[in-house]
Amino acid sequence: MGYFIHTMFSRFFDLLFPTKCLRCNEEGSIVCDECFPELPPAPQNWSRRPSGLPIEAVFDYRDPTVRRGIWLWKYKGRRDILNIFARALYDQLLQDLGDQALFSGNAPFLLVPIPLAFWRRRMRGFNQTEMLAQVLASLDNGGSFIYTPEILKKTRGTEPQTSLMERAARLRNIKDCFCVTKPELVTGKNIILLDDVYTTGTTLEGAAKTLRAAGAKKVRAYTIAH
Ligand SMILES: [Zn+2]
Numbered sequence: 000m001g002y003f004i005h006t007m008f009s010r011f012f013d014l015l016f017p018t019k020c021l022r023c024n025e026e027g028s029i030v031c032d033e034c035f036p037e038l039p040p041a042p043q044n045w046s047r048r049p050s051g052l053p054i055e056a057v058f059d060y061r062d063p064t065v066r067r068g069i070w071l072w073k074y075k076g077r078r079d080i081l082n083i084f085a086r087a088l089y090d091q092l093l094q095d096l097g098d099q100a101l102f103s104g105n106a107p108f109l110l111v112p113i114p115l116a117f118w119r120r121r122m123r124g125f126n127q128t129e130m131l132a133q134v135l136a137s138l139d140n141g142g143s144f145i146y147t148p149e150i151l152k153k154t155r156g157t158e159p160q161t162s163l164m165e166r167a168a169r170l171r172n173i174k175d176c177f178c179v180t181k182p183e184l185v186t187g188k189n190i191i192l193l194d195d196v197y198t199t200g201t202t203l204e205g206a207a208k209t210l211r212a213a214g215a216k217k218v219r220a221y222t223i224a225h
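Taking numbering that gives the first Met the number 0, the leading residue of the sequence shown gets 0, the next gets one more, and so forth.
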């Protein structure tokens, strides 16, 4: 009954406020089929990280549609835009992983989302990057990826990295703020670290360092936008 009421309500809501394309305003889906190919890819001019961690992103964060979409997913938990982003990342992952130079062996890859601090997750009610890992795992029929929630945890809150200008300050902020809850699941595994947006890369580097210390074999990071 609750589900029925919920469905009726959301249909009614859709009639009042139909979903419109973020780019062209056409009614239908959150990003229409015509606009999707026009979302600009992430700039490819990244240099190798000081830590040696490879980081790949799908879309260019400077694009207004990409920014708006990320915001809806990250703060409102919108699944329609998440599904579009996740599909694009999944396609890129398959392409990259098909390249044998990337990883050795055929063992499945462990998906590890960047965690939120406990209180932040409680306030928001969800972690957008965990949602991404769930969608990727459900898209993955071939069994290339394993997702076990809460392998990586945040041990303390940190300042938003974007508020800290200097690299040294950012590194201090993120230092030792992660821990691995089940090291036995990480040891010897190839890991795909996930985050929504990659700006400075220090958060991803901090997480990668913790995972390597717990015995991870190779770590590679992917984000939706940069
Ligand atoms: Zn459109």
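We put the CB at the ideal spot given by N, CA and C, even for glycine.
{"Asked": "Among G51, K19 and F108, which one has its Cα closest to the Cα of G68?", "Found": "K19"}
{"Asked": "Whole-angstrom Cβ separation of I145 and L96, contact assumed at under 8 Å?", "Found": "Going by Cβ atoms, the distance from I145 to L96 rounds to 13 Å, so no, they are not a contact pair."}
{"Asked": "Nearest by alpha-carbon distance to D32: which of G200, T222 and A87 is it?", "Found": "A87"}
{"Asked": "Taking the runs of the alpha helix (DSSP H) that are 4 residues or longer, which of them lie wholly in the region 16-101?", "Found": "63-75 and 78-97"}
{"Asked": "By alpha-carbon positions, which one of K208, I54, G51 and F35 ends up nearest to N82?", "Found": "F35"}
{"Asked": "So, with DSSP's three-state summary, where would you put I113?", "Found": "coil"}
{"Asked": "Would you decide whether S137 is buried or exposed? Buried here means 16 or more other CB atoms lie within 10 Å of its CB.", "Found": "exposed"}
{"Asked": "Near E25, what residues of its chain come up, given a Cβ to Cβ distance below 7 Å and the 5 sequence neighbours on each side ignored?", "Found": "K19 and C31"}
{"Asked": "Using alpha carbons as the reference points, say which of I80, T6, A85 and I4 lies closest to Y221.", "Found": "A85"}
{"Asked": "Run through the DSSP bridge pairs and tell me what A224 is partnered with.", "Found": "F58 and V196"}
{"Asked": "With DSSP as the reference, please indicate the residues paired to C178 in a beta bridge.", "Found": "K152"}
{"Asked": "Comparing alpha-carbon positions, which option in K208, P39, L71 and G156 lies nearest R121?", "Found": "G156"}
{"Asked": "With a CB to CB cut of under 6 Å and the five nearest residues on each side skipped, what residues in its chain are close to N189?", "Found": "F102, F108, K216 and K217"}
{"Asked": "Take V196 as the anchor and find which of M7, L92, A56 and D79 has the nearest alpha-carbon.", "Found": "A56"}
{"Asked": "Could you spell out where the alpha helix (DSSP H) holding G205 opens and where it closes?", "Found": "T201 to A212"}
{"Asked": "Ligand 1 heavy atoms versus the CB of E183: any closer than 7 Å?", "Found": "no"}
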